[in-house]
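6 protein chains.
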Amino acid sequence: MKQKVVTFGEIMLRLAPEGYYRFVQADTFGATYGGGEANVAVSLANYGFDAKYVTRLPNHEIGQCAINSLRKYGVDTSYIARGGDRIGIYYLEKGASQRPSKVIYDRAGSSIYTATSADFNWDEIFKDCAWFHITGITPALCDNVAELTIEACKKAKEHGVKISCDLNYRNKLWSKEKAGEVMAKICEYVDVCIANEEDAADVFGIKANDTDVTSGEVNREGYKEVASELTKRFGFEKVAITLRESINANINNWSAMLYDGKDYYFSKRYNMQIVDRVGGGDSFGAGLIAASLEGYDPQATIEFAVAASCLKHSVEGDFNMVSMDEVLKLAGGDGSGRVQR
Amino acid sequence: MKQKVVTFGEIMLRLAPEGYYRFVQADTFGATYGGGEANVAVSLANYGFDAKYVTRLPNHEIGQCAINSLRKYGVDTSYIARGGDRIGIYYLEKGASQRPSKVIYDRAGSSIYTATSADFNWDEIFKDCAWFHITGITPALCDNVAELTIEACKKAKEHGVKISCDLNYRNKLWSKEKAGEVMAKICEYVDVCIANEEDAADVFGIKANDTDVTSGEVNREGYKEVASELTKRFGFEKVAITLRESINANINNWSAMLYDGKDYYFSKRYNMQIVDRVGGGDSFGAGLIAASLEGYDPQATIEFAVAASCLKHSVEGDFNMVSMDEVLKLAGGDGSGRVQR
Amino acid sequence: MKQKVVTFGEIMLRLAPEGYYRFVQADTFGATYGGGEANVAVSLANYGFDAKYVTRLPNHEIGQCAINSLRKYGVDTSYIARGGDRIGIYYLEKGASQRPSKVIYDRAGSSIYTATSADFNWDEIFKDCAWFHITGITPALCDNVAELTIEACKKAKEHGVKISCDLNYRNKLWSKEKAGEVMAKICEYVDVCIANEEDAADVFGIKANDTDVTSGEVNREGYKEVASELTKRFGFEKVAITLRESINANINNWSAMLYDGKDYYFSKRYNMQIVDRVGGGDSFGAGLIAASLEGYDPQATIEFAVAASCLKHSVEGDFNMVSMDEVLKLAGGDGSGRVQR
Amino acid sequence: MKQKVVTFGEIMLRLAPEGYYRFVQADTFGATYGGGEANVAVSLANYGFDAKYVTRLPNHEIGQCAINSLRKYGVDTSYIARGGDRIGIYYLEKGASQRPSKVIYDRAGSSIYTATSADFNWDEIFKDCAWFHITGITPALCDNVAELTIEACKKAKEHGVKISCDLNYRNKLWSKEKAGEVMAKICEYVDVCIANEEDAADVFGIKANDTDVTSGEVNREGYKEVASELTKRFGFEKVAITLRESINANINNWSAMLYDGKDYYFSKRYNMQIVDRVGGGDSFGAGLIAASLEGYDPQATIEFAVAASCLKHSVEGDFNMVSMDEVLKLAGGDGSGRVQR
Amino acid sequence: MKQKVVTFGEIMLRLAPEGYYRFVQADTFGATYGGGEANVAVSLANYGFDAKYVTRLPNHEIGQCAINSLRKYGVDTSYIARGGDRIGIYYLEKGASQRPSKVIYDRAGSSIYTATSADFNWDEIFKDCAWFHITGITPALCDNVAELTIEACKKAKEHGVKISCDLNYRNKLWSKEKAGEVMAKICEYVDVCIANEEDAADVFGIKANDTDVTSGEVNREGYKEVASELTKRFGFEKVAITLRESINANINNWSAMLYDGKDYYFSKRYNMQIVDRVGGGDSFGAGLIAASLEGYDPQATIEFAVAASCLKHSVEGDFNMVSMDEVLKLAGGDGSGRVQR
Amino acid sequence: MKQKVVTFGEIMLRLAPEGYYRFVQADTFGATYGGGEANVAVSLANYGFDAKYVTRLPNHEIGQCAINSLRKYGVDTSYIARGGDRIGIYYLEKGASQRPSKVIYDRAGSSIYTATSADFNWDEIFKDCAWFHITGITPALCDNVAELTIEACKKAKEHGVKISCDLNYRNKLWSKEKAGEVMAKICEYVDVCIANEEDAADVFGIKANDTDVTSGEVNREGYKEVASELTKRFGFEKVAITLRESINANINNWSAMLYDGKDYYFSKRYNMQIVDRVGGGDSFGAGLIAASLEGYDPQATIEFAVAASCLKHSVEGDFNMVSMDEVLKLAGGDGSGRVQR
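Read top to bottom, the protein sequences are chains A, B, C, D, E and F. Remember, my numbering sits 1 above the position in the first sequence when you count from 1. Remember, my numbering sits 1 above the position in the second sequence when you count from 1. Remember, my numbering sits 1 above the position in the third sequence when you count from 1. Remember, my numbering sits 1 above the position in the fourth sequence when you count from 1. Remember, my numbering sits 1 above the position in the fifth sequence when you count from 1. Remember, my numbering sits 1 above the position in the sixth sequence when you count from 1.
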């Protein structure tokens, strides 16, 4: 098994109508589990890493289902605390064509909200750990969890663990101001910063010029400045930014840029027919971590992360169910989708 | 359309694995809606009454789905207030044979919890209303809702509306002590008291002799005293008690007793092969209300209510989807289940 | 392949909610095909006979689906005429416990209604044919089809083909008076008469004493007289009567009696847990025909027919998907339902 | 609630295989309900109008299901007459790529065919009504229904109700000659005429030059003349024509033109990835009615109607399950399909 | 986590039509995984033991699916060897009423057939191990696997591990003679012998008097002699025999007897409504191991094992998804199946 | 019925997750049947030919299901031999966007592997037969089946039957060397050779210049030389080559070339949105055979074959469920996918 990687956050029950049915039409919901950091953990387990997920879940059957969904794919769940009353829920309606996907959160008061330091033995958690990953979603839940996140970062740093953070701004969870304030504190501990084409502007007010995210076109050059400004402000080792061009809910272009404090590396751009868009960013983060831990050079790293997340868009559910080989094959050039037999 | 009947309470999203799958095995959940008082409203709409449901639901798509599930069956939803953050949820796992059904509540903090007097115009609601029905589940949610329930009862009384209450003790929601205290206050306003074979003991400590509810046998005679004692204590006009004998999760015997302050009326006893047991008690309550409003004599009343709820056990979901004709046909004697063609 | 057997009638699209859902709850309908005489044809094909089905179906895809459902199980469909506007439909709601199954017919105006003599080459159809089977459902459709049925019977007789008829009274299709009149004409040609515990009374007013079909008990002895009276009136070679005791919609007792003009043969009685009750009588008729053509003695014949139809009650859909071996094994005594591995 | 709008026509049971399965492959059919005018009613209810649907349905459970499907979405069904023998049916096979969708009608003899004037109290129906909508499908059913339609139009005019009519030519229901003759009579009462790129030619022989509807390209300019000619002939207040360019069964371009007797207003053109194409035209009609009643200017009106119907193509089923807000958001420019969270 | 328990055998892909559909009717198969020894491992993981499963699976996605199905429920899969060409398959058709369930094996040539000693490091596997469980199915596959089984038993004995064996005769896999010969060799190492009411007769010719397994009745007393004879022959520490009485495919009585070389302990007898019968015996074995490791007295042990396996019959799939608490509650007396809420 | 056409090969159980789920996510598999030559037989039956399929299948229910899947669509299955132990299986995971479809074969040791000459009466099979079709998949299974194939070809030639062969190279079944050797022997008997854009290179080392099949572009001109070289080497009457351009797993361009030894005929090129790509080549072969037997000229022949196979890509499952009329309509120019109603 490859290196130990820890991720920390919330895993939710995802309730989604089948296919393209709208909420009001649905009589059954697919019941799967997901959440930004859990998605990263599953990706890393799929790549052969010793992925451990840290969270808190209620001590009932639905909580156990969430754990089982991680165990099934080889994520170590032994650090997960049990307690609290409920599992967070998000309802997902898949968009199509000009109709956007819709997310309804029902996560307030979930078990992670009432977690305390006593729930997590950070020293044991970070022992022999190579990487720690968090996102901007977890501290957005409530002040208590924000503090737990900062505490975890401190502990990780003490143990010499590399830290990555996906800014992942969610405007249904907190204001831009609050986000900017809290994320600035967290970014002090972060080595590798991950963002999408909007996050830096939303959280820190750092904007790319000439880009309108709803128009289906992004100005690649403008993101060089965004990365450089982020690095200047927080001293990141690396900044990676995904560049989504939304033609419509079914068709997106997908690429990314990596900045290592010196050079800018742009990936290939994929034209994607989307199966499930949720978890796309998380699969990029996981690809970046995996490529970094494997010691790939910057261009190979960004190509791996983008190919990994391109494939995610063809997979149902939050989790990116692909292997190293599959990602490397796409990064190496075969996107023709020919049958393998 | 027949008389106006109002019910007040919570309607929840019911998430249940298909067939006899356990929670940990399920990848999809049937997504329907139900709740004690809503179930009564649907039954009454099915019988042709002008059933109106009063509750509070969040102003998002899932809240709308709950409303639509009522509108679909002809319940008037125009008194439903919109607001708050979440819809209550209950997870249901259907039991089989010696394995009991399981319910996990996730209803804390739902929109009804934060309802206020301003959400409901009781004077309009009870105008020209013939009957008001509540259950012991609603006041069990929290003190705020308990007070709203009492307020509604007062208003109903002012408008001369007949009030029925199903004691419906839920030990996952409150203690027996708290239940006894609050329900005693509510019972002051109640005309018709409905209970199952355990409720009077749980809520008011009034026990039937020689009955062990887990043994599959109940002592019918003992319930005469329970009804008489309840009437003595609260001055009810009528007391109706359902008598379930659980052979196992699939097979139950089902009957009931009605006490009108003078005589005791026992119904036929049905041996049931259960399809879905949830909402069985509610369908009994609805049958009792319907028969009362139709002016049936006591024996016909209890036969109607028991036949109605017997049929409910053969119907999937919380709601009792049967018509007056179907109930009358069974009450009149044909339980042979022969194909109608 | 065994002898050639021809059946004539209507095959309908059967639309049925999944499991025990009621019509008003269903968002999908299982779409299968069935009808009394088609069901007999499939059973006989399953037993290895050269079963040929004669009907008329519209020349569109749904008509083709009905044909394919027969071809799939080895029924020869080459005599089926194409034409007319629509396929007959029946909606089926499966009952449970005290709630009966429900059938809604939408078959008026289907392709068979407008069939003419020119659609069927009876001489070719009955060439080398050993048996012809009809039921009381087909002539009930309309006068035109009743005449076609009589014409077919005449032709069959000319070719020396043995004729069986299942009385199969359907009160949603015609009155008892009309049924009695038309069926009397048809019975002139019939050699083997099949009926259930109610048909003889409904069609010809011949009643068994002391039997209330809705009470779950039948008086076996009373049917001796029914069979003898039928034989007296129409000169049947054999009369077979099925005796269903409906405990409820899930549990029935099932047995039958055969009268060969001399002796009365009663079968074993099976206590059945019902999966799908529709087509139960048809599977009995098919069993009787098969056993007769195989040359079984009267007791073996009635045991075979009853075991065959007992198994049908455990099979979803109209068609009885069981083999000779399976029937013989049950008739021979093993109804324990032990796993075969 | 916004203004009262009445629509009149047939609502059918829609039986459709799941996904892209062909009829001959399907073992289950999705069972939903739809029909041109009912689809318009649901759209309008979704926009907050007091939508009332007038039709006739059989007095059995499947008829009730159709009513419930409308009640569920807030359409008032109290004017619906019950009677007759059957509900109309249409079988729908969804096309893909170069394979077209297929519709098989089985609607002859449905309850609406045998409706009479006595079934509908037009004076009550049109009291306080702002708009009446019909389509060319209803009069195509049979002469009786055509007369009822004309009667309704007369009554509507008496009550000063604005009338819109979607020409909606269906060549499986009547000939072009018959259509031209009957529709000409109806158009005398119509204020707002709605048509697709083929209707005017099919019904009235008014053709746009240089357009081949199977080639995936329409000549926008040619439709100016069509609208002007229609107006000249029938004195319409407004004519709206949808312009579908079929690339293949999955991909269409979609736009429309509005003519107010003076100017021609062309909408944006959307490139759509189609989820369900049925009801696309109806959703356009509903959008046009809504925008008109809201008092939008002509350009905003046509943009609203086209955006509404563009969204319909992303929704499963006949009904357009979208809100005013969603339509306005797309009309206002965001068709990027980005996740809303 | 409780003690380490190892089981060794084959895990297969189980392909089964939904509900009660027969093979010839099914268009989809539920795709789950199971096998006698894997089922025991899952049960033990559910009870909190450190259950480890040893087998060999192909190195492709379906092999991985089987592993994931075990990981999901907490079984340690790190000892599983990868290699070979195929996963064993069994097709299962669920019986109902008088129609028995049917199993078709397609397991020949699966990865376990070609396993070698090099695939398993027995010393590591049995380090700190408390119990080793095997069944008569594994050695029945082929001589190679039979030898591997004996090798494993020897190694387990060297490490002082307690060994249990479920005789589990499968007549589709080998003859009674071959079974008797091979199982006799294996039984030399076995401490706890488990059998059903037929196994001892099939494998070793040791018969209970007066018992006909197809008649629905077993002679409890006769099994005392069977257990005593088995103990005499092989020196077992304990013998446990399950006693199934098959009323029909849906209804069975279920009980068992434990013999500890001195006394005979009979359990309660449960009347079961069966959901899924496969894995019933395995869940008994797992219950026996768990109770033994927990140090229960003989009566409590047999009650636990029988209650555990009684519950299994109410659970879909091979695996017994129940907890210690649930089993203890039933063993303690509550089989009423009342809803827990 | 049109001419008799015989195809010979294997039919497998196809197990495929629904929609775009990956293997590791699936809890149910669609269970259909298919295989290169069986697919051709079904297409021809759909076109009205007397299609007969020759293979060997196990004598159990799953074998029977495979037969039924062919009977359902009108293929004559009376030449199919029964015997052997298992049916071949292939697991199919449908790809999307940049993720390719995946096939796992589990066909070794299936009933066809152990077939012998005695299983097939070739003289009867080829009596009055117009065409015999095989593919390169069947001889790839094992030497025994390769010899059977050659034997069949010899017999067909004796009976003057025209022979077509689809090279269909499968690198999971045999090496290129072995394929080249065996196929060269078979091609001696072949009149019409069918290949895709890679087969000739894989099997015989005959390459088209300037073509990279993973780049989404093929060099049409290069295939002229391939066809001419194939003809030179084996004396084929006709060579047909399909030219697939894979943009991604959802979008392909599709066209083909026919060489009649004199001229090269290129078809139109279709841009396809793929529903199910498996069986695409087989449907081309069937189209070619049908057009040839119908006597179409070369251009019409290749247009028919390409239109037929274009439509296949829009149909779920291996079988091409389209009629002559549908193919001719597309070949004639209407690929707009407009609804037919």
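All residues carry an ideal CB built from backbone N, CA and C; glycine is no exception.
Closer than 9 Å to the CB of A:R72 there is not a single CB belonging to chain F.
Ranking A:L329, A:D261, A:Q274 by CA distance to the CA of A:D192 puts A:D261 first. According to DSSP, residue pairing for D:M13 in a beta bridge involves D:G35.
Around the Cβ of C:K155, a 10 Å sphere holds fewer than 16 other Cβ atoms; the residue is exposed. Counted as a single uninterrupted DSSP element, the alpha helix (DSSP H) harbouring B:E152 occupies residues 144-159. According to the DSSP secondary-structure assignment, A:S247 is paired through a beta bridge with A:N253. At least one beta carbon of chain D lies nearer than 9 Å to the beta carbon of A:G20. A:Y91 has A:R15, A:Y106 as its beta-bridge partners, per DSSP.
For C:Q99, the three-state secondary structure derived from DSSP is coil. A residue is called buried when at least 16 other Cβ atoms come within 10 angstroms of its Cβ; A:M184 meets this threshold and is buried.
D:M2 counts as exposed, since fewer than 16 other beta carbons sit within 10 angstroms of its beta carbon. Per the Cβ contact rule, the segment 251-258 of chain E is in contact with the segment 275-290 of chain E (3 or more Cβ pairs under 8 Å). At a Cβ-Cβ threshold of 9 Å, F:R245 and F:N169 do not count as neighbours.
A direct Cα-to-Cα measurement between D:T243 and A:S268 gives close to 42 Å. Within the segment 77-111 of chain D, no residue places its CB atom closer than 8 Å to a CB of chain A. Shown here, D:D167 sits in a strand according to DSSP, grouped into three states.
The alpha helix (DSSP H) runs lying completely inside the segment 176-237 of chain C and spanning 4 residues or more are 177-188, 200-205, 223-235, given in chain order. At a cut-off of 9 Å between beta-carbon atoms, C:D277 makes no contact with chain D.
At a cut-off of 9 Å between beta-carbon atoms, B:G318 makes no contact with chain D. Contact check for A:I126 against A:C166 fails: the beta carbons are separated by 9 Å or more. Against chain E, the beta carbon of A:N69 has neighbours under 9 Å at R72, K73, Y74, G75, listed in chain order. Between the segment 97-104 of chain D and the segment 128-147 of chain D there are fewer than three inter-stretch CB-CB distances shorter than 8 Å, so the stretches are not counted as touching.
For E:I290, the uninterrupted alpha helix (DSSP H) run begins and ends at 281-294, by DSSP. Comparing C-alpha distances from E:N220 to each of E:I164, E:V204, E:F237, E:A257 shows the shortest one belongs to E:A257. Distance from the CA atom of C:S176 to the CA atom of A:Y21, rounded to whole angstroms, is 49 Å.
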